[in-house]
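Q:
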Amino acid sequence: MREIRTLEQQPSEAPACWLIDRPHTLTVCRGTVWLTIEGDTADWWLRAGDTLELAPGSKVWISASESGSRFVLASAPVFSSTRRFALSLYWMLARLGQRRSRAI
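Just so you know, we're using my numbering here: the sequence shown kicks off at 24 and counts up by one.
1) Which residues in the same chain have their Cβ closer than 6 Å to the Cβ of residue 59, if we skip the five residues on either side of it in sequence?
2) Is residue 90 near the ligand MN, with its Cβ less than 7 Å from a heavy atom?
3) Use the C-beta contact count for residue 99: other C-beta atoms within 10 angstroms, 16 or more gives buried, fewer gives exposed.
4) Tell me whether residue 33 sits in a helix, a strand or coil according to DSSP, three-state version.
5) If we cut at 8 Å on Cβ distances, does residue 57 have a partner in chain B?
6) In angstroms with no decimal places, state the Cα-to-Cα distance between residue 82 and residue 40.
7) With 16 other CB atoms within 10 Å as the buried threshold, where does residue 54 fall?
So, in structure tokens, the structure goes:
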């Protein structure tokens with residue numbers, strides 16, 4: 024499952040701090056958004072239509088520089104370790120079956 028959040032922020036509001044637990048994509052829908060990523064030497068200024076990938080483990084501060092700035096945060100789907108193992112096993116067996124059929 025994938026989570027998608029649409030957020031709106033005003034310049035008068037304090038910057039929001041996000042701890043990114045899994046890969047996220049931030050897309051600006053309206054206005055201009057300012058981002059600071061902990062450990063990054065440069066700040067990011069994103070306008071409507073701009074997108075930025077956020078890595079897991081990142082600490083991000085987000086603020087708006089225009090009234091009514093809106094952005095979307097979308098997370099990548101997360102699979103449990105059991106499901107990930109099952110999918111890996113399925114693909115490995117499928118490839119093994121393809122190799123056998125080619126060898127015959």
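Backbone N, C-alpha and C define an ideal beta-carbon position, used for all residues, glycine too.
A: Once the coordinates are examined:
1) Cβ neighbours of residue 59 beyond the five flanking positions: 66, 84.
2) Within the structure as shown, the ligand MN is missing, as the structure has no ligands at all.
3) Exposed: under 16 other Cβ atoms inside 10 Å.
4) Coil at residue 33, not helix or strand.
5) Reference to chain B is not applicable here, since this structure consists of a single protein chain.
6) One C-alpha to the other measures close to 7 Å.
7) Buried.
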